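Engineer:
Numbering (my numbering), first residue to last: 1 to 197.
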C-alpha cells in the first residue's frame, strides 16, 4: 500500500474512533488484539501497513465487523469501485479487496473481491454469518466442518460461516467474489461478526 493509501487513512480514523468509543488506551487494545503498541500507533497515524490478520485481530478485539474499520461511510446514488482505488489486504493465503458494505433491515452484507494464491490455503475457526462464494477463475477447494467440495468458474457455494472452514487453491490462483452476510450485532461468534476467514 502506498503512503497515501485510502485504506490506511480510513483504517486510522475508524480505529481511533472505535478505540475511543470503548475508552481503551493503546496499551489496552494492544493486549486485547495481541498487536504491538508501536504497530497500533502506526496504524492510527496511517503510516502502518495492515495485513488481513491485523485487521481481523482488531475487529475481534473491538467486537466490530472488519467493514466498520475499513468503510468510508460515503454513499452516492451510483457506487463505482475502481480496481485501482481499493487496496488489497493480504493474509496467509488470500488477498481481499473490500468492495462494499450494505446494511438494511438489521442485516449487513459485505462484498469482497477475493484471490486465493496458488498452492496456499486460508483457514478460519469460524465467525458469525453466512459466506457465499462464486468462483470466477481457477479451481477452489472449500472445506467446511470436514466436508470438502471443488469449485470451478461459475460455481457457487454457501455455508454457515460459524463452522470451521478453509479455502485452498491447489492448481494455481483462484479469483472469486465473496459475500458475507450476518445480522447486525452478530451474536457471540468465535471471531468478530464480519470477519471472513
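We put the beta carbon where it would ideally sit given N, CA and C, even for glycine. Note that the structure is predicted; figures quoted are calculated from it, not measured.
1) Using a threshold of 7 Å, state whether the C-beta atoms of residue 130 and residue 161 are closer than that.
2) Comparing alpha-carbon positions, which option in 15, 64 and 151 lies nearest residue 50?
3) Near residue 112, what residues of its chain come up, given a Cβ to Cβ distance below 8 Å and the 5 sequence neighbours on each side ignored?
4) Let me know the secondary structure DSSP gives residue 11 once reduced to three states.
5) Nearest to residue 19 by alpha carbon, out of 61, 174, 52 and 110?
6) Enumerate, from N- to C-terminal direction, the unbroken beta strand (DSSP E) stretches of 3 or more residues contained entirely within the stretch 123-155.
7) Measuring CB to CB, does residue 173 end up less than 7 Å from residue 138?
8) How would you label residue 46, buried or exposed, when you count the other beta carbons within 10 angstroms and need 16 or more for buried?
9) Are residue 182 and residue 104 touching if we call contact CB-CB under 7 Å?
10) In terms of residues, what are the limits of the beta strand (DSSP E) holding residue 102?
11) In terms of alpha-carbon separation, which member of 68, 87 and 166 lies closest to residue 21?
12) Looking at C-beta atoms only, is the number of pairs between the stretch 115-123 and the stretch 153-160 that lie closer than 8 Å three or more?
13) Less than 7 Å between the C-beta atoms of residue 135 and residue 153, yes or no?
14) Could you check if residue 79 is buried or exposed, using at least 16 other CB atoms within 10 Å of its CB as the buried criterion?
15) Under the rule that 16 or more other beta-carbon atoms within 10 Å means buried, what is residue 107, buried or exposed?
16) Compute the Euclidean distance between the alpha carbons of residue 17 and residue 110, then round it to the nearest angstrom.
17) With respect to the alpha helix (DSSP H) encompassing residue 161, which residues constitute its N-terminal and C-terminal limits?
18) Pop quiz: residue 89 and residue 52 are said to be a contact at Cβ under 8 Å. What is the actual Cβ separation, rounded to whole angstroms?
19) Taking 7 Å as the limit between beta carbons, can you name the residues of its chain near residue 163, skipping five residues before and five after?
Structural biologist: Looking at the coordinates:
1) yes
2) 15
3) 96, 97, 98, 99, 177, 178, 179, 180 and 196
4) helix
5) 61
6) 130-137, 140-144 and 147-151
7) yes
8) buried
9) no
10) 94-104
11) 68
12) no
13) yes
14) exposed
15) exposed
16) 21 Å
17) From DSSP, residue 161 is part of no alpha helix (DSSP H); its letter is neither H nor E.
18) 5 Å
19) 126, 144 and 145
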